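Working notes, structure below.
2 protein chains.
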Amino acid sequence: MSPTPQVPSTDPRIIAVDTYDIRFPTSRELDGSDAMNPDPDYSAAYVVLRTDAHDGLEGHGFTFTIGRGNEIQVAALEALRPHLLGRSVEELCADPGSVSRDLVGDSQLRWLGPEKGVMHMAIGAVVNAAWDLAAKRAEKPLWQFLSDAEPEWLVGQIDFRYIADVLNPDQALGHLRRGREGAAQRTDALRERGYPAYTTSPGWLGYSDEKLILLAKEAVADGFRQVKLKVGADLEDDIRRMRVAREAVGPDIRIAIDANQRWSVPEAVEWTRALAEFDPYWIEEPTSPDDILGHAEIRKAVAPVRVATGEHVQNRIIFKQLLQMSAVDVLQLDAARVGGVNENLAILLLAAQYAVPVCPHAGGVGLCELVQHLAMFDFVALSGTTENRVIEYVDHLHQHFEEPVRMVAGHYAAPRAPGFSAMMRPESIERYRYPDGTFWLADEAAKEFKV
Amino acid sequence: MSPTPQVPSTDPRIIAVDTYDIRFPTSRELDGSDAMNPDPDYSAAYVVLRTDAHDGLEGHGFTFTIGRGNEIQVAALEALRPHLLGRSVEELCADPGSVSRDLVGDSQLRWLGPEKGVMHMAIGAVVNAAWDLAAKRAEKPLWQFLSDAEPEWLVGQIDFRYIADVLNPDQALGHLRRGREGAAQRTDALRERGYPAYTTSPGWLGYSDEKLILLAKEAVADGFRQVKLKVGADLEDDIRRMRVAREAVGPDIRIAIDANQRWSVPEAVEWTRALAEFDPYWIEEPTSPDDILGHAEIRKAVAPVRVATGEHVQNRIIFKQLLQMSAVDVLQLDAARVGGVNENLAILLLAAQYAVPVCPHAGGVGLCELVQHLAMFDFVALSGTTENRVIEYVDHLHQHFEEPVRMVAGHYAAPRAPGFSAMMRPESIERYRYPDGTFWLADEAAKEFKV
Chain A
0 MSPTPQVPST DPRIIAVDTY DIRFPTSREL DGSDAMNPDP DYSAAYVVLR TDAHDGLEGH
60 GFTFTIGRGN EIQVAALEAL RPHLLGRSVE ELCADPGSVS RDLVGDSQLR WLGPEKGVMH
120 MAIGAVVNAA WDLAAKRAEK PLWQFLSDAE PEWLVGQIDF RYIADVLNPD QALGHLRRGR
180 EGAAQRTDAL RERGYPAYTT SPGWLGYSDE KLILLAKEAV ADGFRQVKLK VGADLEDDIR
240 RMRVAREAVG PDIRIAIDAN QRWSVPEAVE WTRALAEFDP YWIEEPTSPD DILGHAEIRK
300 AVAPVRVATG EHVQNRIIFK QLLQMSAVDV LQLDAARVGG VNENLAILLL AAQYAVPVCP
360 HAGGVGLCEL VQHLAMFDFV ALSGTTENRV IEYVDHLHQH FEEPVRMVAG HYAAPRAPGF
420 SAMMRPESIE RYRYPDGTFW LADEAAKEFK V
Chain B
0 MSPTPQVPST DPRIIAVDTY DIRFPTSREL DGSDAMNPDP DYSAAYVVLR TDAHDGLEGH
60 GFTFTIGRGN EIQVAALEAL RPHLLGRSVE ELCADPGSVS RDLVGDSQLR WLGPEKGVMH
120 MAIGAVVNAA WDLAAKRAEK PLWQFLSDAE PEWLVGQIDF RYIADVLNPD QALGHLRRGR
180 EGAAQRTDAL RERGYPAYTT SPGWLGYSDE KLILLAKEAV ADGFRQVKLK VGADLEDDIR
240 RMRVAREAVG PDIRIAIDAN QRWSVPEAVE WTRALAEFDP YWIEEPTSPD DILGHAEIRK
300 AVAPVRVATG EHVQNRIIFK QLLQMSAVDV LQLDAARVGG VNENLAILLL AAQYAVPVCP
360 HAGGVGLCEL VQHLAMFDFV ALSGTTENRV IEYVDHLHQH FEEPVRMVAG HYAAPRAPGF
420 SAMMRPESIE RYRYPDGTFW LADEAAKEFK V
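Protein sequence lines correspond, in order, to chains A and B.
Just so you know, numbering that gives the first Met the number 0 puts 319 at position 320 of the first sequence, and the rest follows in order with no gaps.
Just so you know, numbering that gives the first Met the number 0 puts 203 at position 204 of the second sequence, and the rest follows in order with no gaps.
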């Protein structure tokens, strides 16, 4: 209908919501193997918001999955397209919360959750893409965009439904206003030193003891003060691996252990106690992420070992209860599991309300790239500290991103490029698009040749 | 490869997993409207397991949705196909639990939940289809197939992971053995009188007061002793509707109210108290189904009004905690939200363990047809009682099923046909398949004509 399509629009709109099924064949190296996930193919259901602003800016977001079912996530992204197409870019960037509320509030799609699983993760991907676009248009990395935002505006971004009984807008505003004090100095400190990280790369369950020792020593040499081991498949093995890991890193490096939900409550207690002599710093995902009371019971029984969970916690409502029940020592938010930045703001504020440290989950595909922004915002403009706070780091698949994380002496360097660091390289998309990317086509051809 | 495809196989296999996206245009009549779902198009992601047994038997199952997103459920069903194809029908019917465990345990698909939302509902549909086939091959309606089964075998069908801390296999066996005492007499009673029901048909939020009064009086005349009203959109309206409903049915008929998760905890308490003078029997879904502690708090604050929830409760782990926290007076299991019959057996046993009555959620598309079997099994061979127990009944869309529920004097008559009553009529599938069924094609053509 427009007679002048080449002229930049003065009121640009979202004109396309492109989706991609991207899969990396990580299972072939046992990277990412743990007690529940023996052979993950790290994948992303990837979404790009395109506009007619002719400024070259797009919004990028994704859901991380581990292979099969990534196409279901893509189908969920596509179901959200009608909510995005035609939206004013100015309005979307001025109020990403309105997108978030519309998506969560679609009554028919809500039935598929509510606010959990496939549908909620797809909403998270789209909401994150909106924030990516908003930060790019503001020409700031997301952590800075959030840190510079007015507390009142940030509070307006949050859906307080179902959490208002423990955190109301006034309380949230109080946290954010206090968080602003000293933000300029902390921004400088962040730019100088980065944000502390720990690494999971040595501890995958499929690795040999030799590889574990080598990588653990390397991690310490690289400046990490914490490593993590996957546990939960076999107790004898875990005792041996924990012993060699402790010997490799010495007594001063923290070793976290991670059971990836393998246990029921009694097993979790027994197993963790059996590893306690090696001084594990936390036990992560000891049981189902849905079991709030179970985590509370485990925490009482395994102290002083800390209890951590969050990467599979479906939304702010479960986090609220984990905090209400004093069920966790460490809250591990994930950038792509819940409903995007807006819900993660709520979760960061809940953690602040209960003074529980946030140590984000990362790894996967692009989760490090995303979540660093949330932790850095928390440091600069909310909790104001990195004490007992570390972001997980895993050293694979970063090469597929345009703005990969940069690690310096065991710290995440503060991103400088505008946006949410979510953009995948076009060559990587071309190669690993499933099933028709060049890698997968060649793989299929090779299989046929073998037969 | 088989040289004699026409001869019945002696070791029949699953040879096809057919899926259908079925949608009914219910939003046009405001049937099913409530405070969170103003315009549902009741839908089913439908699955048929076909075999090469040449006995004419198929396994039927489905997920209920309310319209948009039904295609995502279908995509999830399709992701499960490789787990089913080629399976031995004998083995599947002798141990549907093995299917359930395999589907829930697919480590890559598990990432999409775990055990919640789109992926878990799809698993429920497939698992229910397996049970449908098993009961048909045994030539029994499912309620009877379950009631006749050995307690040891039933216990073997249950996944105790994450619930073993409150219910272990020995305790489950105890409940089932006690439940068997007197089962023959209860089977006779069930066949004679059926299972008590309540009806939600009068109380949809979109109905006028006149329609509400008319339908409520009709319900009482039809023999129902309980009706239900949707509430939560506007308090003034709710007070007026509750008053006219109470006047219409008199003091002896129970009126349940249902907020469909509309409220945060403080609102739920306030609103329920404001309606207490009309003696509501229970408040259903006062807040998020994820908020276990919230339900516990609401229950304390609104007694003697009972608290009920369950239709959106994602799995046995959340039910476990609702029971642990004494957060509900009434547990409303749903036949198609969780991981199928196996997980519902666990939930019925948890309810028995805590002596909480189960009043199943129904309505939707085919949920009445399915869930009656679970309640009847519970009466005959587990709890042994229908005291304070009623199955929800909604009077639409039954005509699309081959074996629709039969209501007699406010009771569900015990199904006599073998299976799980899940089979939709082929004409209905042909007409309401989306988007290419005859109804939807005509609808699309009519729209174009109007433009």
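Quick reminder that beta carbons are idealized off the backbone N, C-alpha and C, glycines included.
No experiment lies behind these values; they were computed from the predicted model shown.
Should residue i be flagged as near chain B, meaning a C-beta pair shorter than 9 Å?
i                 : result
Lys-319 (chain A) : yes
Gly-112 (chain A) : yes
Ala-43 (chain A)  : no
Ala-307 (chain A) : no
Ser-106 (chain A) : yes
Val-264 (chain A) : yes
Thr-199 (chain A) : no
Would residue i pass as an interface residue toward chain A - the criterion being a Cβ-Cβ separation below 9 Å?
i                 : result
Trp-270 (chain B) : no
Arg-298 (chain B) : no
Met-0 (chain B)   : In this predicted model, Met-0 (chain B) has a pLDDT of only 42, less than 50, meaning its place in the structure is not dependable; the value taken from the coordinates is given anyway. No - not a single Cβ of chain A is within 9 Å of the one on Met-0 (chain B).
Gly-293 (chain B) : yes
Pro-359 (chain B) : no
Ala-334 (chain B) : no
Asp-278 (chain B) : no
Thr-3 (chain B)   : Its pLDDT being 48, under 50, Thr-3 (chain B) is placed unreliably in this model, and the value from its coordinates should be taken loosely. No, its Cβ sits nowhere closer than 9 Å to a Cβ of chain A.
Gly-66 (chain B)  : yes
His-395 (chain B) : no
Ile-71 (chain B)  : yes
Phe-159 (chain B) : yes
Asp-435 (chain B) : no
Quick one: is residue i buried, meaning 16 or more other Cβ sit within 10 Å of its Cβ, or exposed?
i                 : result
Arg-27 (chain B)  : exposed
Ser-32 (chain A)  : buried
Thr-3 (chain A)   : Note that Thr-3 (chain A) scores 48 on pLDDT, short of 50, meaning its location in the model is unreliable; the coordinates nonetheless yield the value given after this. Label assigned to Thr-3 (chain A): exposed.
Pro-39 (chain B)  : buried
Val-16 (chain B)  : buried
Ser-207 (chain A) : exposed
Pro-250 (chain B) : exposed
Pro-414 (chain B) : buried
Gly-68 (chain A)  : buried
Assuming residue i and residue j are in contact, meaning their beta carbons sit under 8 Å apart, how far apart are those beta carbons, in whole angstroms?
i                 : j                 : result
His-410 (chain B) : Gly-193 (chain B) : 3 Å
His-360 (chain A) : Glu-296 (chain A) : Rounded, the Cβ-Cβ distance is 23 Å, inconsistent with contact.
Val-117 (chain A) : Gly-116 (chain B) : 5 Å
Thr-385 (chain A) : Phe-378 (chain A) : 5 Å
Phe-448 (chain A) : Leu-369 (chain A) : Not confirmed; about 39 Å, so no contact.
Gly-365 (chain B) : Trp-130 (chain B) : The Cβ separation is near 14 Å, so there is no contact.
Val-154 (chain B) : Leu-132 (chain B) : Contact flag wrong, Cβ pair sits at about 22 Å.
Tyr-392 (chain B) : Cys-367 (chain B) : 6 Å
Ile-328 (chain B) : Val-312 (chain B) : The residue you asked about is not Ile; residue 328 (chain B) is Asp in the sequence shown. Their Cβ separation, rounded to whole angstroms, is 15 Å, which puts Asp-328 (chain B) and Val-312 (chain B) out of contact at 8 Å.
Leu-292 (chain A) : Gln-371 (chain B) : Rounded, the Cβ-Cβ distance is 32 Å, inconsistent with contact.
Ala-74 (chain B)  : Ala-335 (chain B) : Not a contact, Cβ separation roughly 17 Å.
Please go through the same chain and pick out, in chain order, the residues whose beta-carbon is closer than 8 Å to the beta-carbon of residue i, but skip the five residues on each side of it.
i                 : result
Ala-412 (chain A) : Gly-193, Val-404, Arg-405, Met-406
Just to confirm my understanding: we take residue i, look at its own chain, exclude 5 residues before and 5 after, and list those with CB closer than 7 Å. What are they?
i                 : result
Thr-271 (chain B) : Ile-282, Pro-285, Val-301, Val-304
Met-0 (chain A)   : Note that Met-0 (chain A) scores a pLDDT of 42, beneath 50, so its modelled location is shaky and nothing firm can be said.
Gly-363 (chain B) : Tyr-41, Phe-63
Is residue i near the ligand ADP, going by C-beta to nearest heavy atom under 8 Å?
i                 : result
Tyr-280 (chain B) : The ligand ADP is absent from the structure shown, which contains no ligands of any kind.
Whose C-beta lies closer than 6 Å to the C-beta of residue i among residues of the same chain, with five residues either side of it excluded?
i                 : result
Asp-54 (chain A)  : none
Ile-256 (chain B) : Leu-228, Val-230, Pro-279, Ile-282
Asn-401 (chain A) : Correcting the residue type first, residue 401 (chain A) is Glu in the shown sequence and not Asn. Contacts found: Met-422, Arg-424.
His-174 (chain B) : Leu-348, Ala-351
DSSP has residue i in a bridge; who is on the other side?
i                 : result
Gln-225 (chain B) : B:Arg-253
Ile-157 (chain A) : Paired residues: none, contrary to the question.
Pro-140 (chain B) : B:Gly-418
Asp-236 (chain B) : In DSSP, Asp-236 (chain B) forms no bridge with anything.
Thr-64 (chain B)  : B:Ser-42
His-59 (chain B)  : B:Val-47
Val-357 (chain A) : A:Leu-330
Ala-196 (chain B) : B:Ile-390
Ser-87 (chain B)  : B:Arg-12
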